[in-house]
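Read in order, the letters of the sequence shown correspond to residues 1 to 451 in UniProt numbering. Below: the structure, in structure tokens.
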Amino acid sequence: MTEYPKPRTLRAGPVDRTRSYMPGFSNDFETEALPGALPQGRNSPQKANYGLYGEQLSGTAFTAPSHQNERTWCYRIRPSVKHTHRFAKIDLPYWKSAPLVDPDIVSLGQYRWDPVPHADTPLTWLTGMRTMTTAGDVNTQVGMASHIYLVTESMVDAYFYSSDSELLVVPQEGRLRFCTELGVIDLEPQEIAILPRGLVYRVEVPDGPARGFVCENYGQKFALPGRGPIGANCMANRRDFKTPVAAFEDRDAPSTVTVKWAGQFHETEIGHSPLDVVAWHGNYAPCKYDLRTYCPIGAVLFDHPDPSIFTVLTAPSGIEGTANIDFVLFRDRWMVAEDTFRPPWYHKNVMSELMGNIFGIYDAKPRGFVPGGMSLHNMMLPHGPDKAAFEGASNADLKAEKLENTMSFMFETRFPQHLTPFAAQEAPLQDDYIDCWADLEKKFDGTPGVK
Ligand SMILES: [Fe+2]
């Protein structure tokens, strides 16, 4: 008689009860803060457990193609119709939306700003948002806005959502806590967060002033770029995006909800916290990503690829390969290319490029582009290395060199970016930025040879 080996008992690993994020990008997640709160195998039982209300949050049209279709089912203490009441318009004078074309402002130019300093007055996520540029049109859901945020105060019994946009948040200084309907995200510099359109949240500053950058995406959601021949790995990997587990508040207190809708702000008063989702499942949810996990691909012999090789996220525009917004990361990496001018080359681009410095020194601009600072090279405006960067790179001994102490990014859009009055008149604009190319001299004299 044949002896078969006894089946081995599978042993589960220890349960990590402290884990507060789930890995993946646009996964179908499921999470519950109380056991049994999430219906299994169905969405709309006649009566949900715990007396919760079932509600769907649709991030795409019902009929969007299945690979783009995003929605989340929430099981909450009160339905969202209880989280708003009558609306009154309010003014947040520094948070602007496109179209915004001021006839007295010259947006055509190469611009650079020093870090915007904190104000003397306390500022929240809403009052501390400072729009720098806008592009496209918020009403037709194309384009974007770029902002600096200066936050010193937590929102208390105050909540916000944007019907207009998905927000990509890039901290530069200080930590932020996003208490959202779908869970809590703690964010620090060198991480980014994505807050979907329509998601209700409040923002807290756990340990003092925070400053950073926001890309407000009016259009189709950010996605991961196709890697093409690069294959299945590297650049931003799906598992490094982290979505929070369910967390809820059952708190009665007079509260304010602010809604951004069609470029305008509205306030409504309610009597409780709207962050009352006890369980949810779906693929429309906030997430964060650690930029230190971005695996750059680059030149290994000579020349270098276009900077699109450093794309972390891309928001399509409807024209294939032409983004509404690309989010591009310039991080530390090895430079090994032989007989190559290694910094970014001189360039004139149909896309408009807004850059921000998170920390360190950017190789094309060793001076003047400082952490917290921004620069704008608008549609079809030439730009490139300054004199020091050009001479340094042209004469460098091209041994393998590691570019260290550097993290900058770019919000790149197919639309021209218009400066706001704040960017043109109040923010610390460097009047002499254009002069960084002034002493690049003519080397050509008609004779052959390397000059
Ligand atoms: Fe460029």
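Don't be surprised by glycine CBs; every beta carbon is placed ideally from N, CA and C.
The three-state reading of DSSP puts V138 in coil, since its state is none of H, G, I, E or B.
A Cβ-Cβ distance of about 7 Å is found for the pair F409 and I358, placing them in contact under the 8 Å criterion. Closest option to L52, judged by alpha-carbon separation, among S58, G59, T60, N43: N43. Taken through DSSP and simplified to helix, strand or coil, Y433 comes out as helix. Residue burial is scored here from C-beta neighbours: P382 has fewer than 16 other C-beta atoms within 10 angstroms and is therefore classed as exposed. Judged by beta-carbon spacing, L403 lies within the 8 Å limit of M335, meaning their Cβ atoms are closer than that value.
One thing to note: D164 has its Cβ no nearer than 8 Å to the Cβ of Y201. Here the alpha carbon of L301 sits roughly 9 Å from the alpha carbon of T340. Between the segment 390-407 and the segment 120-139 there are fewer than three C-beta pairs closer than 8 Å, too few to call the two in contact. Residue state for G174 is assigned as coil, using DSSP reduced to three classes.
The beta carbons of Y149 and M129 sit about 5 Å from each other, so the pair counts as a contact at 8 Å. In the DSSP secondary-structure assignment, V277 is bridged to R76. Looking at the backbone, the Cα of T311 and that of P225 are separated by about 7 Å. Going down the chain, each residue whose beta-carbon is closer than 7 Å to a heavy atom of ligand 1 shows up: P307, P344, H347, N349, E353, H377, H383. Spanning the alpha carbons of G24 and E249 requires a straight line of approximately 25 Å.
Runs of beta strand (DSSP E) with 3 or more residues, each lying fully within the UniProt domain "Homogentisate 1,2-dioxygenase C-terminal" (293-444), are found at 311-319, 322-335, 352-360, 374-377, 401-413, listed in chain order. Of all alpha-carbon atoms in D186, E181, K443, the one lying nearest the alpha-carbon of V169 is that of D186.
Contact annotation, H147 with T131: C-beta distance approximately 5 Å; criterion of less than 8 Å satisfied.
Contact between the segment 54-66 and the segment 84-104 is not established, with fewer than three Cβ pairs separated by less than 8 Å. At least 8 Å separates the beta-carbon of L34 from that of V370. By the 16-neighbour rule on beta-carbons within 10 angstroms, Q46 is exposed.
Straight-line measurement puts the Cα of I361 at about 37 Å from the Cα of D91.
In this structure, S162 and K260 form a Cβ contact; the two beta carbons are roughly 4 Å apart against a cut-off of 8 Å. Counting along the chain, T31 sits inside the beta strand (DSSP E) bounded by residues 29-32.
In the DSSP annotation of this structure, Y218 is not part of any beta strand (DSSP E), being labelled neither H nor E.
Taken in chain order, the complete beta strand (DSSP E) segments of 3 or more residues contained in the segment 59-107 are 71-76, 88-90. Between E191 and the set F160, M407, E426, S26, the nearest pair of CA atoms involves M407. If you compare the alpha carbons of C179, P122, C215 with that of E166, the shortest gap goes to C215. Spatial neighbours of G208 in its own chain (CB-CB distance under 7 Å, excluding positions within 5 residues in sequence) are listed in chain order as G174.
In terms of Cβ geometry, F160 and L126 form a close pair [threshold 8 Å].
Judged by their CB atoms, T180 and P274 are not nearer to each other than the 8 Å cut-off.
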